[in-house]
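Colleague:
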Amino acid sequence: MAGTRDGRREGVVVPGIDTASSTAAVRSLGRRSIPAIVASEHDTPPAAASAYCEESVTVPDPAVDFPGYETALLELARRDDVATILPFREPDVYALARNRDQFREHVGTPWPTLGTLRQVQDRVALFEAADRAGVATPRTRTLSEWSDWEAECIVKPRYTFRAPEYADRFADPETQWSSTTYLEPGERPDGEAIVEEMGHVPLVQEYVPTIEEYGFFAQYDHGSPVATFQHRQRRGWKYCGGPSAFRESVDIPALERAGRALLDELDWHGVAMVEFLRDPRTEAFKLMEINPRFWSSLPFTVQAGVDFPLLAWAQATDRPIDGPPDYEVGIGGHLLRGEALHLHSVLTEEYPLVERPSFPVRAGEIAASLLGQPRFDYLSTDDPGPFVRDVRNTVRQVTGDASADGHSESNSASRLVTAVQRLFVRE
């Protein structure tokens, strides 16, 4: 039977989202003859165009029909050829954690319990855990508790996923879409409006005066680290930060200590990305958040030498893991679309607490790094399908219902920018 080996389940369900992380997982597994089943609400997810995709199935959109999405994942888990499911979004890991007992009857469950997940998807609980672990954090309070409006600060959602188990005001599970707002000294937000927009009382946090983001990535097995990786983000999709457009691998003992201390405190199980900012005033790594799932820059992590999708599969199927893998330090990798978004941000956006870089200088830096560090999230010579599909999907966003090959009279730069911005919001 396809998807089994020596009578053991082999297949892995990979949610097919519009980031290259899904594609990285499909390639990683497929290159080792592990069947990758892409499950997506999208008609043309890039991961499904990979030569290594075993099968593609349609599932409900969790942002529209979350109960239907949960049911679809459970149905996939009951298949005789499915060994586990990998989480790539907040709704994914929430659905898996909330139904962990049901899933464990059928598949390996390398992800946290709902109780542990709550301490990550609720940032108040997360910062309390960081305090217990001795991990530095920016000064943070709820909007109703914050009083220091003369400080540079930001407003951000308290919850990364709105779940009824987390707060009484959430009737149904729902993705949290609201983003960060930057406030200059003396500026006060409209409390009622921002609560109405976010659906809950958000957090106010002191602004850390840097855009240098660092990621600590790990896989844990019931509180013990199996593998770790670090990168420094050199450019985000926006010049103020955001998802990674260009990053380089690093090995910093203080970052390792902070990441491990927090995940140890949480008795973590599964994969996670711990995001830090390095405060230039103290050099301390200050916690921003934890992504309790695979991250958008996963392709680079695999390219550097730590194959987290394969390790998760091995953990789920009780295969041996031969010690923590090494990785190459000092190399870089790009998301080409992210680099384009970064330049668009430099041209058109304004963030009051972040200095706008020079466009010619930044464009030159991007060109030099593309030539010097030619590693790309989608582009692959042995598997071009996902890159081509991603380009065609972008063209569809530009031209509406025009053909995937882009045979449309309308291809203006402004519509392209709009399309890429839409992709950014979805990802």
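Add 5 to a position in the sequence shown, counting from 1, and you land on the number used in our numbering.
Heads up, the beta-carbon is just placed ideally off N, CA and C, and yes, glycines get one too.
Computed from a predicted structure; not experimentally measured.
So which of GLY73, SER385, TYR225, PRO362 has the shortest CA-CA distance to GLY328?
Modeller: Of GLY73, SER385, TYR225, PRO362, the residue nearest in Cα terms is TYR225.
Colleague: DSSP puts MET278 in a beta bridge; with which residues?
Modeller: PHE222, ASN296
Colleague: State the beta-bridge partners of TYR187 as determined by DSSP.
Modeller: ILE159
Colleague: Please tell me whether VAL307 and SER33 are closer than 8 Å, where the distance is taken between their beta carbons.
Modeller: yes
Colleague: Rounding to the nearest angstrom, what Cα-Cα distance links GLU110 and GLU15 in this structure?
Modeller: Across the structure, GLU110 and GLU15 are spaced so that their CA atoms are roughly 16 Å apart.
Colleague: Evaluate contact between the segment 21 to 32 and the segment 45 to 56, counting only Cβ atoms and requiring at least three cross-stretch pairs below 8 Å.
Modeller: yes
Colleague: Tell me whether the beta-carbon of LEU101 lies closer than 8 Å to the beta-carbon of PRO92.
Modeller: yes
Colleague: Specify the secondary structure class of ALA88 as computed by DSSP and reduced to three states.
Modeller: strand
Colleague: So, are the CB atoms of LEU271 and THR404 less than 8 Å apart?
Modeller: no
Colleague: May I ask which residues mark the beginning and end of the alpha helix (DSSP H) holding PHE28?
Modeller: In the sequence as displayed, the identity of residue 28 is Thr instead of Phe. Segment 25 to 35, the alpha helix (DSSP H) holding THR28.
Colleague: When the Cα of ARG397 is compared with those of ALA54, GLY35, PHE281, VAL19, which residue comes out closest?
Modeller: ALA54
Colleague: Would TRP182 be called buried (16 or more neighbouring beta carbons within 10 Å of its own) or exposed?
Modeller: exposed
Colleague: Nearest by alpha-carbon distance to GLY220: which of TYR212, GLN238, PRO258, PRO207 is it?
Modeller: GLN238
Colleague: Mind pulling the alpha helix (DSSP H) runs of 4 or more residues that sit fully within the segment 29 to 82?
Modeller: 71 to 82
Colleague: Would you check if the distance between the CB atom of PRO285 and the CB atom of THR215 is smaller than 8 Å?
Modeller: A contact, by the Cβ cut-off of 8 Å.
Colleague: Straight-line CA distance for ASP177 to GLU294?
Modeller: When rounded, the distance between both Cα atoms is 23 Å.
Colleague: Count the other CB atoms, across all protein chains shown, that sit within 10 Å of the CB of SER374; report buried if there are 16 or more and exposed otherwise.
Modeller: buried
Colleague: Could you spell out where the beta strand (DSSP E) holding GLN308 opens and where it closes?
Modeller: Careful: GLN308 lies outside any beta strand (DSSP E), inside the alpha helix (DSSP H) at 303 to 309.
Colleague: Alpha carbons only, please: which of GLU189, GLY335, ALA368 is nearest the one belonging to LEU5?
Modeller: Residue 5 cannot be examined here, being either before or after the span of the chain that is shown, 6 to 432.
Colleague: Would you mind working out which of ALA88, GLU75, THR287, HIS227 sits nearest VAL18, comparing C-alpha positions?
Modeller: ALA88
Colleague: What would DSSP say about HIS339, mapped onto helix, strand or coil?
Modeller: strand
Colleague: How big is the Cα-Cα spacing for GLU280 and GLY264?
Modeller: 9 Å
Colleague: Tell me whether THR233 sits in a helix, a strand or coil according to DSSP, three-state version.
Modeller: strand
Colleague: What number of angstroms, rounded off, separates the C-alpha of ALA445 from the C-alpha of GLU179?
Modeller: Lying outside 6 to 432, the shown extent of the chain, residue 445 is not represented and no answer is given.
Colleague: With distances taken between CB atoms, is the gap from VAL43 to CYS58 smaller than 8 Å?
Modeller: yes
Colleague: Is PHE166 helix, strand or coil when you go by DSSP?
Modeller: strand
Colleague: Opposite GLY246 in the DSSP bridges: which residues?
Modeller: LYS243
Colleague: Roughly how many whole angstroms lie between the Cα atoms of ASP410 and GLY338?
Modeller: Here ASP410 scores only 42 on pLDDT, less than 50, and its place in the model should not be relied on; the value that follows carries that caveat. One C-alpha to the other measures close to 27 Å.
Colleague: Please name the residue in VAL140, GLU201, ARG105, TRP242 whose C-alpha comes closest to that of ALA289.
Modeller: VAL140
Colleague: When the Cβ atoms of the segment 312 to 321 are set against those of the segment 141 to 160, are three or more pairs found closer than 8 Å?
Modeller: no
Colleague: For TYR383, which residues of its own chain have a beta-carbon under 6 Å away from its beta-carbon, when the five flanking residues on both sides are left out?
Modeller: Cβ neighbours of TYR383 beyond the five flanking positions: ALA25, PRO391, PHE392, ASP395.
Colleague: Would DSSP call VAL98 helix, strand or coil?
Modeller: Helix at VAL98.
Colleague: Tell me whether ARG380 sits in a helix, a strand or coil according to DSSP, three-state version.
Modeller: In this structure, DSSP gives ARG380 a state outside helix and strand, which the three-state scheme calls coil.
Colleague: Can you list, in chain order, the residues of its chain whose CB lies under 6 Å from that of LEU376, leaving out five sequence neighbours each side?
Modeller: No residues qualify anywhere along the chain.
Colleague: Whose C-beta lies closer than 7 Å to the C-beta of ARG123 among residues of the same chain, with five residues either side of it excluded?
Modeller: ALA130, GLU170, TYR171
Colleague: Which residues bound the beta strand (DSSP E) around LEU148?
Modeller: In the DSSP annotation of this structure, LEU148 is not part of any beta strand (DSSP E), being labelled neither H nor E.
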